[in-house]
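Below is one structure, written out as structure tokens, with a few remarks after it.
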Amino acid sequence: MTISFDDFQKVDIRVATVIRAEPFPEARKPAIRLWLDVGDLGERKSSAQITRHYDPDRLVGRQVLCVVNFPPRQIGPVRSEVLVLGVPDPDGEVVLIRPDLDVPNGGRLF
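If you count the sequence shown from 1, you need to add 131 to reach our numbering.
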């Protein structure tokens, strides 16, 4: 399936920095709760199933890409406000997508 450039523009993908991360033991699958600084959009929360490759303490300060214009989802006691993006490793586990260089939080992917 192909989409138009206008369709692509509807997905708002922004850079954010993890400002806090902690285990999320209440999740059905192992996950980490994230608090993200998305620049002018403020602080947003998310839950991510990224425990295979990431430790909460080592995520703080890391920049990631996330979709900011999906409606919030309730995941157990967490209201996930953004979708943090990743790609699968050879075993299907999530590897986060991030910029090569530090860039301003809130920058939009184009």
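C-beta: ideal position from N, C-alpha, C; glycine also.
The beta carbon of E157 sits closer than 7 Å to the beta carbons of G207 and P208 from its chain, once the five residues preceding and following it are set aside; these are given in chain order. In terms of CA proximity to V149, V191 leads the group V191, L172, T133 and A162. Assignment of Q205 by DSSP, reduced to helix, strand and coil, places it in the strand class.
Around the beta-carbon of R164, 16 or more other beta-carbon atoms lie within 10 Å, marking it buried. With 16 or more other Cβ atoms inside 10 Å of its own Cβ, S211 counts as buried.
The C-alpha of D231 lies about 15 Å from the C-alpha of R239.
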